[in-house]
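Read in order, the letters of the sequence shown are residues 31 to 223 in this note's numbering.
Notes follow once the structure below has been shown.
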Amino acid sequence: MNTIQKIWKGSPNFWIGRKGYKPELIVIHIMDGTLSGTDAWFANPASQVSAHYGIGENGEIHQYVKEEDAAWHAGRVDAPSAKLVKANVNPNLYTIGIEHEGKPEDKWTDEMKQASASLIREICQRWQIPIDRDHIIGHYQIYSKKPDCPSHDKKILNELVALASQQQANPSLVEEGIKKIEEGLALIKQTLK
Ligand SMILES: [Zn+2]
Numbered sequence: 031m032n033t034i035q036k037i038w039k040g041s042p043n044f045w046i047g048r049k050g051y052k053p054e055l056i057v058i059h060i061m062d063g064t065l066s067g068t069d070a071w072f073a074n075p076a077s078q079v080s081a082h083y084g085i086g087e088n089g090e091i092h093q094y095v096k097e098e099d100a101a102w103h104a105g106r107v108d109a110p111s112a113k114l115v116k117a118n119v120n121p122n123l124y125t126i127g128i129e130h131e132g133k134p135e136d137k138w139t140d141e142m143k144q145a146s147a148s149l150i151r152e153i154c155q156r157w158q159i160p161i162d163r164d165h166i167i168g169h170y171q172i173y174s175k176k177p178d179c180p181s182h183d184k185k186i187l188n189e190l191v192a193l194a195s196q197q198q199a200n201p202s203l204v205e206e207g208i209k210k211i212e213e214g215l216a217l218i219k220q221t222l223k
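The structure is reproduced here in structure tokens:
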């Protein structure tokens, strides 16, 4: 099975390694802004933040930090509601963070949902993480002071889990999804010419 295409952007904001932990949960975020704005923010050492991935509304995937390393996307814990949050361990050490373009009130594009689901499925396979709502969580479930990350519409998380499980059950859907994203990108490139 193909791995999905990612564009490496990099960020100086991360820890090398995970202090003995490995990725166990995937944390879904909203950028509250654009993909290019996030590229710049994560590239800036002064921001002190990053995530492993950022996904654009057109389905483009940017990578900032290697999965083996700890990105700085969910370091604060406040009244966590996710049941697999560990006591007294920085969540950055055992999570992978995925940012999404847009604002909490936005409706997600199909391209962004498909790309996110493909990436979730790939990560889950790589790290033996079950694809369910206990392991794919919203940022708000770790940090209650960010109730709108990733979205006003909490059903989006169920939708991502459902899409990713469908893809796992039927790998041809992944190929189709990749094809759709590539077609979309080709169209965008053509329009920009
Ligand atoms: Zn967040």
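All C-beta atoms in this analysis are idealised placements derived from N, C-alpha and C, irrespective of residue type, glycine included.
Bear in mind the structure is a predicted one, so any value in this text is a computation, not a measurement.
At least one heavy atom of ligand 1 is found less than 7 Å from the C-beta of residue 169. In this chain, residue 125 is not harboured by any alpha helix (DSSP H); it is covered by the beta strand (DSSP E) spanning 125-130.
Taking a C-beta distance under 8 Å as the contact criterion, residue 179 and residue 60 qualify as a contact pair.
Where residue 208 is concerned, the enclosing alpha helix (DSSP H) starts and stops at 201-222.
Between the stretch 101-110 and the stretch 159-176 there are three or more C-beta pairs closer than 8 Å, enough to call the two in contact. With a cutoff of 7 Å, residue 176 counts as near ligand 1, since its C-beta is closer than that to a heavy atom of the ligand. Between ligand 1 and the CB of residue 59, the shortest heavy atom gap is smaller than 7 Å. When the Cα atoms are used, residue 141 and residue 89 turn out to be separated by approximately 5 Å. Between ligand 1 and residue 154, a heavy atom-to-CB distance of less than 7 Å is absent.
For residue 155, the enclosing alpha helix (DSSP H) starts and ends at 140-157.
Less than 8 Å separates the beta-carbon of residue 84 from that of residue 129. The beta carbons of residue 151 and residue 194 sit about 4 Å from each other, so the pair counts as a contact at 8 Å. Looking at the DSSP output, residue 93 shares a beta bridge with 38 and 83.
Contact between residue 139 and residue 56 is ruled out by a C-beta separation of about 20 Å, above the 8 Å threshold.
Put simply, the backbone Cα of residue 41 is about 17 Å away from that of residue 131. At the C-beta level, residue 34 and residue 148 come within 8 Å of one another. About 25 Å separates the beta carbon of residue 137 from that of residue 94, a gap too long to meet the 8 Å contact definition. Residue 101 sits in a strand when the DSSP states are folded into three classes. Cβ-Cβ distances below 6 Å link residue 174 to 108 and 109 in the same chain, with the five nearest sequence neighbours on each side left out; the list follows chain order.
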